Amino acid sequence: MKGSPFSALPRGFLLFLLILRLPCLLYGQEPAGSRFALIPEDPRLGDPVTVIYAGAPGQGMKAVLLDTGGRRLSQAFFFSLPGDGGEDSVKAAVLAVPSTAKPGPAIIRVEGENGKNAAGIPLVLGGREFLAEEIYLDQENTDIRTRPDPQKNIETAQLSAILFRTGGDIFSGGPFTAPVTSTRRTGFFGDRRIFRYADGSRDTSIHAGIDYGVPRGTPVRACASGRVVLARFRIVTGYSVVIEHFPGTYSLYYHLDKIQVEEGALVEGGTQLGESGATGLATGPHLHWEIRVAGENTDPDAFIARPVLDKEAILDKINKVAVF
Ligand SMILES: [Zn+2]
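Under this note's numbering, the letters of the sequence shown match residues 1 to 324, in that order.
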């Protein structure tokens, strides 16, 4: 069973399943011979998870991460891996474990079209510590964050429409490289932040990416190949660039001083997108770099550490999973 999603389970439970010859913990109309696997099998909070499916092709399939109470934590649609002998028999979905999820047992449910349950893959979410910090905002930054503005709502809706879109192109499966050469970080993924406003009131938020403390004018480069799907000024995030890398996965670059690419452009990893700055809501020059997976913010370091969409690793993994 090594290499299957079930190896995260206690041995006794595994034996119990084998003795009962339960077919893959299935509780729906699962086509005979289907196989499922996860990379990694033991994700931590904030990690991306590659869900692999091999079996009869299905349309509109999605992977849904649920807690033990059945609450939906995140989800992502499956897409086909190209060049696999022209067949669509192996599909992948990349979903994010939210940094706000509770560590412990969870389940990834693979749903067919019409929301029919196909299979449930048990897993255990690993916990991790996040930093807590307070950020004091002057009147100008307080206004940017709190003042109602219809334009802000329009910009939020525009960005959401992009980030929740699952396209069909795979420009890069990773690994990604950091967008600046500096390793000086002034903000970390998952930081629990308290914003202190100019009038003394406060609000909380969770930091969605990494802040690099770099001087204004520092070249900012694409972390991997992709298509520029947004390159414009936004009230809160200043001059902003968003790149699509593979279905459902996007990198975001905020607070730039200037943008040097256009929407629709195809870029290589390392292409200069612009120069860093302090536009939008910023207390000083820095680059905010963020990765979104099916709309959910995800730890960028996980994308630097490994190719999240590595076809060889995916095929290798699924081929080791036994068909019950
Ligand atoms: Zn930031």
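For every residue, glycine included, the Cβ atom is placed at its ideal position computed from N, Cα and C. Here the structure is a predicted model, which means the values were calculated and not measured.
C-alpha distance - residue i paired with residue j, whole-angstrom precision
i: G187; j: A313; result: 32 Å
i: G280; j: L256; result: 9 Å
i: K62; j: I144; result: 37 Å
i: L172; j: R202; result: First, the residue type needs correcting, since residue 172 is Ser and not Leu in the sequence shown. Using only the alpha carbons, I get a separation of about 40 Å.
i: E41; j: G270; result: 31 Å
i: E176; j: H245; result: For clarity, residue 176 is Phe in the given sequence; the question names Glu instead. Approximately 10 Å, taken between the alpha carbons.
i: L95; j: E140; result: 36 Å
i: L125; j: T166; result: 25 Å
i: I52; j: K91; result: 6 Å
i: K311; j: G213; result: 35 Å
i: R109; j: S160; result: 24 Å
i: S106; j: V97; result: According to the sequence shown, residue 106 is Ala rather than Ser. Approximately 10 Å between the Cα atoms of the pair.
i: L315; j: I121; result: 18 Å
i: Q272; j: Q158; result: 24 Å
i: I154; j: A208; result: 20 Å
i: I170; j: G238; result: 28 Å
i: G200; j: I243; result: 37 Å
i: R192; j: A222; result: 27 Å
i: N114; j: G58; result: 11 Å
i: V241; j: Y197; result: 27 Å
i: S182; j: E111; result: 42 Å
i: F189; j: E268; result: 25 Å
i: T50; j: L252; result: 20 Å
i: F78; j: E296; result: 16 Å
i: P307; j: R184; result: 24 Å
i: A278; j: P82; result: 40 Å
i: S276; j: T156; result: 22 Å
i: Y254; j: A56; result: 41 Å
i: S74; j: D138; result: 35 Å
i: G226; j: L123; result: 31 Å
i: K152; j: P300; result: 26 Å
i: R146; j: I39; result: It is worth fixing the name first, because residue 146 is Thr in this sequence and not Arg. Cα to Cα, the separation comes out at about 40 Å.
Buried or exposed (CB count within 10 angstroms, at least 16 for buried), residue i
i: Y136; result: exposed
i: A305; result: exposed
i: D47; result: buried
i: P179; result: buried
i: E134; result: exposed
i: M318; result: One point to set straight first is that residue 318 is Ile, not Met, in the sequence displayed. Flag for I318 reads buried.
i: A76; result: buried
i: D211; result: buried
i: P148; result: exposed
i: R71; result: exposed
i: E129; result: exposed
i: G60; result: exposed
i: I259; result: buried
i: P150; result: exposed
i: I194; result: exposed
i: T142; result: buried
i: P43; result: buried
Presumed contact (8 Å Cβ cut-off) between residue i and residue j, rounded CB distance
i: A132; j: V321; result: That pair is no contact at about 40 Å.
i: L45; j: G127; result: 6 Å
i: A54; j: S89; result: 6 Å
i: Y250; j: L309; result: With 8 Å as the limit, Y250 and L309 do not qualify as a contact, their Cβ atoms being about 13 Å apart.
i: S34; j: A119; result: 7 Å
i: A224; j: G174; result: 6 Å
i: G248; j: A294; result: 4 Å
i: T298; j: R292; result: 7 Å
Min CB distance residue i to chain D below 8 Å
i: A157; result: Of the chains in the structure shown, none is chain D; there is only one protein chain.
Handout entry: contact_flag[the stretch 100–108, the stretch 52–67] where n(CB pairs < 8 Å) is 3 or more
Key = The stretch 100–108 is in contact with the stretch 52–67.
Problem - Stretch pair the stretch 254–272 + the stretch 227–245: three plus CB contacts closer than 8 Å - result: Segments in contact, yes.
Problem - 3 or more residues per run - each beta strand (DSSP E) lying fully within the stretch 147–190 - result: Every beta strand (DSSP E) of 3 residues or more that sits fully in the stretch 147–190 is shown, in chain order, as 185–187.
Practice task
For the stretch 267–311, list the alpha helix (DSSP H) runs that are entirely contained and at least 4 residues long, ordered along the chain.
Solution key: Counting only runs of 4 or more, we get 300–305.
Exercise for the section: Just list the beta strand (DSSP E) runs in the stretch 219–266, keeping only unbroken ones of 3 residues or longer that don't cross its boundaries, in chain order. Expected result: Along the length of the stretch 219–266, whole beta strand (DSSP E) runs at least 3 residues long occupy 219–221, 226–234, 238–246 and 249–259, reported in chain order.
Practice task
Decide if the stretch 234–241 is in contact with the stretch 203–215; the criterion is three or more beta carbon pairs, one per stretch, under 8 Å apart.
Solution key: These segments do not touch.
Problem - the stretch 286–296 / the stretch 209–219 touching (three or more Cβ pairs under 8 Å) - result: Contact holds: three or more Cβ-Cβ distances are below 8 Å.
Problem - Every unbroken beta strand (DSSP E) within the stretch 78–150, with a cutoff of 3 residues, ordered by chain - result: Taking only runs of at least 3 residues, the beta strand (DSSP E) segments lying wholly in the stretch 78–150 are 90–96, 104–111, 117–125 and 132–136.
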